[in-house]
Each structure stands twice: as C-alpha cells, then as structure tokens.
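Written below as structure tokens is the structure these notes are about.
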Amino acid sequence: MEIIVAATVGLLVALGVWMMLDRNLVRVVLGVVVIGNAINLAVVSVGRLGGQAAAFVAAGEVPAQAANPLPQALVLTAIVIGFALFVFALGVLKRAWVEHGTTETDRVTAQAETPAPDLPVDKPASGERA
Amino acid sequence: MLNAVLGIALAMLAAPLLSRRMDDRAGFVLALAPLAAFAWFLAQVPTVAGGGVLYEALAWVPALGIELAFRLDGLSLLFALLVSGIGTLIVLYAGAYLSDHHHLGRFYAYLLGFMAAMLGLVLADDLIALFVFWELTGVFSFLLIGFQHEKAESRRAALQALLITGGGGLALLAGLILIGIAGDAWRFSALDGTVLAEHALYPAMLALVLFGCFTKSAQLPFHVWLPNAMAAPTPVSAYLHSATMVKAGIYLMARLNPVFGGPEGWGTILVVVGAATALVGAVLAIRQSDLKRILAYTTVTVLGQLTMLIGTNTTYGLQAFVIYLLAHSLYKGALFMAVGAVDHATGTRELGRLGGLIRYMPLTGAAVALAAFSNAGLPPFFGFIAKEFKYIGLIELGPLGWLTTAVMVATNALLLAAAGLVFLRAFLGREGRYPRVPHEVSAPMWAGPMVLALGGFMLGAFNNLPEIWLVNAAVQAVSHGPVEVRLYLWGGLTPALLASALTITLGVLAYRRRQSVRHHLARWRVFWQISGDLLWDRLLKRVFLFAGTLAGNFQHGSLRRHMSLLLVVATATGAAVLASVGGAFEGLGGFSPLSVAGLAGCALAVAGAAGAAVMRGRLALMGALGLSGLGLALFFLAARAPDVAVTQLMVETLTVLFLALVLRRLPPVDGVGSRTPRTRRLHAALAAAFGLMVAVVMLVVLGRPLPGDVAEWYLANSLPGGHGANVVNVILVDFRAMDTLGEILVVVLAGLAAAPLLGGGRAAENTGAGGRKEFGSVLLRVGVKPLAGLLLLVSVVLLWRGHNLPGGGFIGGLVAACALVLLALTFGVPMARRLLRVPPAWVAGLGLACAAGAGLFGLAGGGDFLTGGWIAPGGLALGSPLLFDLGVFLAVSGAVLHMLFRLLESEEA
Chain G
236 MEIIVAATVG LLVALGVWMM LDRNLVRVVL GVVVIGNAIN LAVVSVGRLG GQAAAFVAAG
296 EVPAQAANPL PQALVLTAIV IGFALFVFAL GVLKRAWVEH GTTETDRVTA QAETPAPDLP
356 VDKPASGERA
Chain R
472 MLNAVLGIAL AMLAAPLLSR RMDDRAGFVL ALAPLAAFAW FLAQVPTVAG GGVLYEALAW
532 VPALGIELAF RLDGLSLLFA LLVSGIGTLI VLYAGAYLSD HHHLGRFYAY LLGFMAAMLG
592 LVLADDLIAL FVFWELTGVF SFLLIGFQHE KAESRRAALQ ALLITGGGGL ALLAGLILIG
652 IAGDAWRFSA LDGTVLAEHA LYPAMLALVL FGCFTKSAQL PFHVWLPNAM AAPTPVSAYL
712 HSATMVKAGI YLMARLNPVF GGPEGWGTIL VVVGAATALV GAVLAIRQSD LKRILAYTTV
772 TVLGQLTMLI GTNTTYGLQA FVIYLLAHSL YKGALFMAVG AVDHATGTRE LGRLGGLIRY
832 MPLTGAAVAL AAFSNAGLPP FFGFIAKEFK YIGLIELGPL GWLTTAVMVA TNALLLAAAG
892 LVFLRAFLGR EGRYPRVPHE VSAPMWAGPM VLALGGFMLG AFNNLPEIWL VNAAVQAVSH
952 GPVEVRLYLW GGLTPALLAS ALTITLGVLA YRRRQSVRHH LARWRVFWQI SGDLLWDRLL
1012 KRVFLFAGTL AGNFQHGSLR RHMSLLLVVA TATGAAVLAS VGGAFEGLGG FSPLSVAGLA
1072 GCALAVAGAA GAAVMRGRLA LMGALGLSGL GLALFFLAAR APDVAVTQLM VETLTVLFLA
1132 LVLRRLPPVD GVGSRTPRTR RLHAALAAAF GLMVAVVMLV VLGRPLPGDV AEWYLANSLP
1192 GGHGANVVNV ILVDFRAMDT LGEILVVVLA GLAAAPLLGG GRAAENTGAG GRKEFGSVLL
1252 RVGVKPLAGL LLLVSVVLLW RGHNLPGGGF IGGLVAACAL VLLALTFGVP MARRLLRVPP
1312 AWVAGLGLAC AAGAGLFGLA GGGDFLTGGW IAPGGLALGS PLLFDLGVFL AVSGAVLHML
1372 FRLLESEEA
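Protein sequence lines correspond, in order, to chains G and R.
Position 72 of the first sequence, counted from 1, bears residue number 307 in the working numbering, the numbering being contiguous throughout.
Position 507 of the second sequence, counted from 1, bears residue number 978 in the working numbering, the numbering being contiguous throughout.
Dropping the structure here:
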C-alpha cells in the first residue's frame, strides 16, 4: 500500500503544480485544492498505514493495532483550514474577474500593479510581458 | 542621568499636545525639561571636577549583557552641559522662529527627541547603548532636516544625511562589536588599549570606528552632507549641525582616544584627515555668499581641527581640543541663531543684500560681534586661547606638526575672513537692499545668541573658572595619563604667538582683498566641478538603477515565473537531501497489505485531479475536483480514519458548491495551460520532477519505522486523562486544544476576509425573493425543510457524541452549515438569516468566545489555560472540552455561513 500511496501523492502534487503553473487563475485555484489534498494524504500516511482499527478506546483497553490518531487530528483541522483558504482564493478570483475582466494570471498582475517608482521610465517592468 | 534622558523624552511626547493647547507659549514650558537637566548637570560639576565619576546602570537586554549604563566623567559632563544648555536656548528660540508654523508641535517633538538621544549618546558607557543613541540622533536629524518636507531640496538633503551617517553607523556597529569581542568588555570604561592592539583585527576595528566617526562629524570626503543639511530650519542648524550632533563623531574619537591613541596609526590618520578637512572647509567657506552656508563650511573646518587636535595627543593639543570644543559650540550656536534672526527680520541671507544692520538690530548685532570675535580667535575671547593652545600643541608634534601648523595658519586666516564677512559685511557699512524693512527680533530670539556669545567672552576673560571646573576633568578623560591643565591668555613671546599674529595679519588681508581671493579661487574650475555633491548624486542614481534592475528581474510580478523558480529550488533542495540520506530503502518488506477501498480511493483521487488539470468545461472541472476529493475520503475511510473521512466529505460538498456559484459567472477555461509548446514542456518537466521528488521522499519516509511513541501515549491517556473514547477528538479539544483554538481563529478570519471579496463588498438588498429558480420544484421545496431539520439534528448529535464516537465540533459544524445552505438555496438567504436570527459572523464570534472561555475553566481550577475540567452530575459526564467543542462547532458553521450568505446575496442582487 505504501508504494501506491507514495505514487498517488507524487502524482497529485505533480498535477497540482502543473495546474498552478497554468495561465488561467481558475485552474490555479483548483491546483491549490489538489496540492492541499495531496499534502493531507501524505500527512495521514506518514503516521503509518498498518492500523487495523480506528483510534477509539473502549473502557480501559487500547486496541492492539490502532491507527495513529495524531496525524488524523492534524489533518482534520487542516482540511477545514484548507477549505477556508480555498474560499478565500475563490473570492480573490472572483474579485480579479470583476475588477480586471480577465482571469489570466500575468494580465491581472500587469493591470493591478504599478511599476516600481525607481525604475527609469523608458524601461517598463519586465513583468508586463504576458 | 537616566532621569534627565527620560524627562526630556517625556517632554517630547507631551510637545504636540502642549503646543496645540498653548500655541507659541508652549516653548517656555517645554524648555523647563532641558533646563532642569542643565541645572542637575551643573550641580554635578564640583563632584566631577574633583575627579569623581558618577555611574548608573539599568538592565536592558540582560540575555545579551547589554545594559543602559550611564557614566558621567569630565568629557561627558562637558557635552551634557552643552547639549542641555544650548538645547534650552534653542527650544525657546524655535518657539519664536517658527511661531507661525502649523507643525510647531511636531518640531518641538523632534527637537526634544533628538536632545534625549544626544544626551544618551554622550552619557552611555555601554558600547551597544551608545550605538542605539547614535542611530537615534541620525533618525531625528533626518526628520529635522526634512522638516520642510514640501521642498525637494530639504528631502534630498535629509536623505543624503541619513544615508551617509547611517552608512557610517553600520560600520560603527561592526567596529564596536569587534572591539567588544576583542576586548571582552562592553563598556568604554573597561576597555584596555593594549589588549585590543594585540588583536589580529585591530586595523579593521580602527577603520570601522573611524569610518563611523568621520561620516557623523562630516570629515573629508563625507563633508558634503553638512552644508546641504542647512536646508533645515535655523534652530536645527544651530543645534544639531554645529553644536551637538556633528560633534558626536568627535566625542566618540575623544572617548576612544585613551584606548586607541598611540604614536602610530590613529594619531597620524586623525591629524592628516582633520587638517585636510579644515583646509577644504575654509576654502569652500570663503567662496559662499549665503550667510548660513558660510557658517556651515566653517563648521566643517572646525570639526576638522577638532579631529586633528585629538590626534596630536599632546598636552596642549588636548587642552586646545577641549577649549575649542567649548568655544566653538558657544560662538557657532550664537552665530547660527543670529543669522536665523537676520533671515527672519530681513527675509534674506545673501551677503550682497545685507549691510548696516546694526542700526536696526542692535542686540543681535552685539551678539554677533562678540561671537565673531571669538570665532576669529581674537584676544581676549575664548576662541583666542583655543587658537593659541592649538598652535602650541601642533608645534609640539615635530615635523608633521610644523606642516600642519602652516596649513592651520592659512585655515584660520580664512576663518577670520569668514567671521569678518559675517559681522562686518552684514552689520556695518552702508545700508543693504533688504526685501523688507528689518526690525529687532523678539526677546527669545536675541537672548539665545546673546547668552552664548557672552558666555564665550566671559570664559575667555575669566579663564581660570573653566580651567578648574570643566576643562581639567575633560582633558583627563580624553588623555592617556594625567595632564597638567593651565589656561592663560598671555604666554610670552612664543612661536605660537607669532603664528597667531601671522594668522591675524593674513586674515585681515584676506578679508580686505576678498574679491580677489574669490576670483583666484574661482579659477580652479576643475576642482569645483568634481565636488562631492555631484559624485554623490551620480552614485545614488547608479544605486537606484541597480536596485531597480535587480528588483525588476526577481520581482517581475509573474506568478508563473515565481512558481517555476520556487519549484526548481524546492526540487533541487529535496533531491540534495535525498542524496545525502542515501541508501534509503530500509525494510522494503514491511509494507502493509493492499486494500481494495484504499486502492480505489487513490485511483479516484488521481483520476479526478487529472481531469481537473486538463478539462475545459466548468461543470466538468467541478465534477473532476469533487471526484478527487471523494476518492480521498474513501482512502481515509480505508486508512481507519473515519473522522477525517467525514470531514473530507463535508468539505468536498461545500467546495463544489462554492466553486459552482463562482465559476458560473466566469468564462470557460482553456484546455491548454500555456500558449507556447515550449513553456508547456518546461512546466510539465518541472511538475514531473517535483512530483517525482515528493514521491521518492514519501517512499523513503514510509519505508522506515515510525520513531517515538507519541501515538501510544495518546491512545493510553485519552480515556483516563481526557474522558473520551474518540482519541482524535480528545486530541483536538483537550490535549492540543491550544492549536485548535488557533486554527478555528484562522478559519473565522479567513471567512471574514473572504466574505467581502465574494459578496462584492456590500450586503445585498433584502429582496425577499423566494430562493433560486433552479430550486423551484414543489417536491424539492416540500422535501428540503424536513431534510434540513434532520441535518441540524444530526449535527447536534454529532457534536454531542463526538467525544466518544466519530463526530465532533468540526464535523457537526460543517453538517449544520450544510443544512442552512440547503435552506438558503431553496428559500433564499433572507429566510435562512431569519431562521438563524443573528448574523453568522456573530455565531462565529460566539464560537471563538466559547472556545476561549472554556480555557478559563482550566485557569480557574489552578491549572494552565485550556486544562480540561470535568464534573459528572447524575452520571452525565460534562467537561470544559465539550464547551470547547461547541465553540468549534459555532465558529466553523458561522464562518462558512458568513461566506456563503454573502456570496448568494451578491448573486441574487
């Protein structure tokens, strides 16, 4: 199972990164979610996968091969926080579209940012190349 | 001492308010602070003159051994008297000079702040404390020079002064730290010169400290900032840029003279640099026609001479240093203030338009006369004694001294001519062409120069008083060993007297023939063209250009290029770590068996993500992303993590909902990520490399046994310690509750921040419309209400049982949010809001309050914050962690609903 999980995490991360390099902000936001998922998967797995029972303890007796509860607790909150972050990113995406009428990352940058004041006027900031 | 600095700092804080309440009379009140300090220091004169040293220390950064150590010896006392005494006069003067300025309060604040810092500087015994005060004076100087910030000239001068002195300050910090480490002592009074001299980095210390001192005290070639700093209002020029701050470098050199001063190195550098500065300053001074700039360049000259005198390290040289320091502060402060008064009265400082002013401004004129005579070094003024002793001290030096004496004769002759310009040209002779009819200035404006000028005269005439009370102790503090101090006006017919006579003759000659002197000087055109100011401007332009180009290349604003660079670095770092671990795959055989559910979950997750990565349609994207999340939930279930799985499920539902609501307003997404195939290939390679690196890291990690027994501890203590069977939940609300508190805070904050972005920045009108038309089906409308009610009930049950069974605040909160979302979608947000009764943001806030309040039980029980407390009335186990979980429930559902309601409202509007 570990090999499968490692491959899955790698694939998810690669796909997420690929999406974040996209020129469309929508896919960038989705990429954030995919990478978040990959990391959650990785954290749960790093607590080791061999557990035979969920981490519940009945009166006085601890199950012999319980799953590791600590990464589960971490990931549980991480999922909710990741969701809040995702909604925030979505809000930024929506605002960018409303304000600038485009969802292309570099065009948004060029429209939203003024060039550095110290640069000579004849040389535009290189970021404006789309 | 500490009280003196603190008192003036308090006056600084009170200044703006006081100035607003009392208008121009505030100066009289504010001047009390430096006056009190002056009186206190004056009262210490007998102690210090008798060889005593006062010491005060206050622990500041005990961990680093830094303390606010103040030490009052002869040198410090002299400076402290100058700072507080002249400071008092300047505060009064400034009130009259800037009486109609609308930011007078701010000016007072800066001035007093500077005063406190300067006082701290001259009193500090700790190396680091001195540096902090040193930099503070620089900052206040910046603020004061740029006080008239609407003028470009002022801003430029302020920046120039800050950059030069600040740059020097950095060097000084390095130098002081080196000294502290090498000498293993962080106090000036504990430094040992012989220990330092044996250290390998001795030349570096010397160079760094001198660099700091030279920049601060405007020595060649850093003198350019001082004349430009005259853009400041005149009280500032009089105080900071002649009497006090520019002497900070001098002070430090004098302070370190007993440590560094030896026959070689230090002394030679000081004499040569000082003499060169003095000569250049004098030559430049005689060329000016603006009274204030003349004074500025003569100040450069004097600073050079003071540096030189420290370098002589002869009996007379050091006496001359102390006398000259005192004399110069008195007469130059007076002259600056008087020039400000002239400017104030006539509206000009141009020599060509002045003359005969004594008729209109007799009191100011008298003060200028007294000060100028002292400046010119004529007997019986204090300046004369200073000049005499200077010559004797230099002649004592030998060959170098004779050369320097020749330079000094020329320099002092020019100074005398400059003094003549200031008094004779401006106040005597025929009437000038003033822009407006002059008048005598008000009392605070003439009193300042008069007091200082008279002081210079009295100290010279009755020179045994300063000798006993001030000069002696100061000289002892500056010199290596004990020095015999005796001041006199008439020392017989000595070479020094001859040099003095020569100086006066030459000076008078230079004044009478000033036109031809200027004419001759003007011929060296090349010299004036390479003036430091021009070089400075070019240097600054280059620096800005370089910084701009550099920033442009890295801060290009392209998200994709930033990402690419980050990925390259991250991949390389990860690969390097992997390579260093080496031979990583231990225990390949120890892998856990495959499970069907787990495999299916992984496959779904990857397939969904791949779909989201390449598909075009918005609906397809949402579906793919949802699928990926569901796959993950399935995997979590297979990995024996039911709580995580349920959370993932709920979040995935809400994710798709939010995505659907936002994406429907956006255009379709292109199938390809980049325009050019080359970029696509590059990005694919980057993503693949990074993914591969992560996968290998995972393999290496998972191939090893889990270190530590944290999991076992939680499993064993969950029930006895946390009263809960669901270990994951107990960790969240009890063992690691502090983390959870922070996390729900983040969720709520993110919700508050995202809501206005999603909702278009405004709450929509209460339309009262009956929900979305997509949800218009009767069947749906009838069915949703019981369903939502059921969901709400389930959410409460989940919350309640969460401590022992799958569930808890996070899951319950998400389920409750889903229930209300369902209602809001079907019947409209207003209906859902009515049902909720309070705004969802309040619910979230209440949740945070609940969670934090639950922590107080622990405090009340005598334990730490968030320690769980349990009671069991009638067999029903109740504890503060349950209250905490309720807080989580409310915070999560409130935050989610807050965002969603705003989004829906903006869509409906």
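All residues carry an ideal CB built from backbone N, CA and C; glycine is no exception.
- Among the residues of the region 255–270 of chain G, those with a Cβ less than 7 Å away from any Cβ of chain R are M255, L256, D257, R258, N259, V261, R262, L265, V268, V269, in the order of the chain.
- The C-beta distance from F1062/R to E237/G rounds to 5 Å, short enough to fall under 8 Å.
- Residues P698, M701 of the same chain have their beta carbon placed closer than 7 Å to that of R764/R, with the five preceding and five following residues left out of the count.
- Using beta-carbon distances, D1141/R counts as an interface residue toward chain G, with a partner under 8 Å.
- Going by C-alpha positions, G1316/R is about 20 Å away from L1229/R.
- Counting only the Cα atoms, G1174/R lies some 34 Å from G1094/R.
- Two segments are said to touch when three or more pairs of C-beta atoms, one from each, lie closer than 8 Å; by this definition the region 510–530 of chain R does not touch the region 685–693 of chain R.
- By the CB criterion at 8 Å, F611/R and G556/R fall outside the cutoff.
- The Cβ neighbour count for P1176/R, taken over all protein chains shown within 10 Å, is under 16; the residue is labelled exposed.
- The alpha-carbon separation between W940/R and I866/R amounts to approximately 27 Å.
- Using a CB distance cut-off of 8 Å, R330/G counts as an interface residue toward chain R.
- In the structure shown, the three-state DSSP call for A288/G is strand.
- A distance below 7 Å between beta-carbons, with the five flanking residues on each side excluded, links F1161/R to the following residues of its chain, in chain order: L1038, A1041, T1042.
- When 9 Å is used as the limit between beta carbons, F1107/R is near these residues of chain G: N275, L276, V279, Q307, V310, in chain order.
- Within chain G, no residue has its CB atom less than 8 Å from the CB of T835/R, the nearest being about 45 Å off.
- Contact annotation for R283/G against chain R: S1063, L1173, P1176, L1177, A1182 [CB-CB distance below 9 Å, chain order].
- Of all residues in the region 610–623 of chain R, none places a beta-carbon less than 7 Å from a beta-carbon of chain G.
- Residues of the region 1207–1227 of chain R with a C-beta atom less than 7 Å from some C-beta of chain G are R1207, T1211, E1214, V1217, V1218, A1221, G1222, A1224, A1225, listed in chain order.
- Its chain contains H951 as the residues whose beta carbon lies nearer than 6 Å to that of P729/R, once the 5 sequence neighbours on both sides are disregarded; these appear in chain order.
- By the CB criterion at 8 Å, A1116/R and S1066/R fall outside the cutoff.
- Under the 8 Å criterion on CB atoms, E237/G is classed as interfacial with respect to chain R.
- Per DSSP, V1300/R is not a residue of any beta strand (DSSP E); the alpha helix (DSSP H) it occupies stretches across 1300–1307.
- Nearest C-alpha to L1220/R among M1209/R, R627/R, A1312/R: A1312/R.
- Here R904/R carries a coil assignment [DSSP, helix/strand/coil].
- If only complete runs of 3 or more residues are kept, the region 1094–1138 of chain R shows no beta strand (DSSP E) anywhere.
- For E339/G, DSSP records a beta bridge to N259/G.
- When DSSP reads this structure, Y526/R sits in a beta bridge with R542/R.
- CA-CA distance, G1365/R to A1295/R, rounds to 14 Å.
- Within the DSSP secondary-structure output, A293/G pairs in a beta bridge with E296/G.
- Taking C-beta atoms as the reference points, V771/R and L806/R fail to come closer than 8 Å.
- In the DSSP assignment, I939/R falls outside any alpha helix (DSSP H), carrying neither H nor E.
- The alpha-carbon separation between A1290/R and P1257/R amounts to approximately 10 Å.
- S625/R is classed as buried because its beta carbon has at least 16 other beta carbons within 10 Å across all chains shown.
- Shown here for A1323/R: same chain residues with a beta carbon closer than 8 Å to its own, the five before and five after excluded, namely L1212, G1358 in chain order.
- DSSP lists no beta-bridge partner residue for N272/G.
- The Cβ atoms of N846/R and G836/R do not sit closer than 8 Å to each other.
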